[in-house]
Structure formats: structure tokens, C-alpha cells
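Structure first, then comments.
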């Protein structure tokens, strides 16, 4: 297992994996689906099967080199993410319907949405990690334990508790009566 760990943590393997993922994205978004068109159910199912098959082949590589535990972890994470991504479909349908996006433009909008999400996630993750690393207070004793408190994480936690309490006691608003056309987000878009 030590040999496998050193292989997986090798910068060359990480680089190759990253290049393969980027190539797959470029193929999917820039070659196979370059032109705007209405995606049929048959086409959507076919592409879904292609990407699921590639993922399962990759999980086979994980099983072969890393064993059943890592394979199981990958499978669990993959199928949980796959299930969670289904709710995005409903959001897309609602957003496309709300803004009357023609069906032939759905792929183009999703293309730029995916690229934007990847770029913004990378920015937020790396800047967030950097900010968290910078905001640790010096180690101190609290209730007889030595702790390192992070200012950003503490403020975020307090905000989450506040938001949870506020939503708990909030009165039910009927969203059907609200006009979202006048909301700040809709005006910006």
C-alpha cells in the first residue's frame, strides 16, 4: 500500500489526472457539443451513459490499485453526487422557464454556467483556504484545553446559528404572491 500511496501522491500522477479531466471537459463542451442545438432525450441518455461508464472504469482502476475501501469511498461519493445533481435539473428547468430561454440555447447557457462554476469554485476554494490559514489566533487555553480559534470560521459559525434561529422563527411567506421579476437578482440578470 505504501507503494500505491507514493504513486497516487506523485505530482506526475496528479498532473496526468488533471490533464485528462480538462481534456474530457474540452471534448464534451468544446468539440462534441460545440453547436447550439436542442438536446434530445436519446442524446442526453447516451452522453450520460458515456460519462457514467468512464467513471465506473476509473473506479475499477481505483479498486485495482487501492483496494476495496477506496473503491467503496469513490462509489459512495460518485453516486451521492450523481443523486444530488438531479436537483440541479429541476433548478435549470425552472430558471430556463422563468427567463424563457429557447431550447436550442440551453446547452450554450449550461456550457458557460459550468465554466463559470469551475472558475468561481476554484477562486473561492483557494482564497477561502488562504483566508482561513491567515486568521488563526495564537493558541490559548479555554476551559483547561489548548485551542486554536479561527476568526473567520467562528464568525461563519455564528452567522449560521443566527440564520438558523431566524429561519426557525420566521413566518411562512407564500412565495406564489411574490413577483420575482422585480427582485434585485432578476434585474441584474
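Residue numbers (the working numbering): 466 to 654.
Where is the CB? At the ideal position from N, CA and C, for every residue including glycine.
Residue 494 beta carbon less than 8 Å from that of residue 576: yes
Strand pairing of residue 615, partner residues [DSSP]: 601
Nonlocal neighbours in the same chain, by C-beta distance under 8 Å from residue 617, ignoring five residues either side: 596, 597, 600
Straight-line gap, residue 564 to residue 581 (C-alpha atoms, nearest Å): 19 Å
Residue 429 versus residue 560 - alpha carbon distance: Residue 429 is absent from the model: the chain starts at 466 and stops at 654.
N- and C-terminal bounds of the alpha helix (DSSP H) containing residue 525: Residues 506-531.
Contact check, residue 536 vs residue 527, beta carbons under 8 Å: yes
Supposed close pair residue 675, residue 571 - CB separation, criterion 8 Å: Here the chain has residues from 466 to 654 only, and residue 675 is not among them.
Of the listed residues 483, 499, 548, 487, nearest to residue 517 (C-alpha basis): Distances from the CA of residue 517 to each of 483, 499, 548, 487 were compared; the closest alpha carbon is that of 548.
Per DSSP, the bridge partner or partners of residue 610: Residue pairing for residue 610: DSSP places it in a beta bridge opposite 607.
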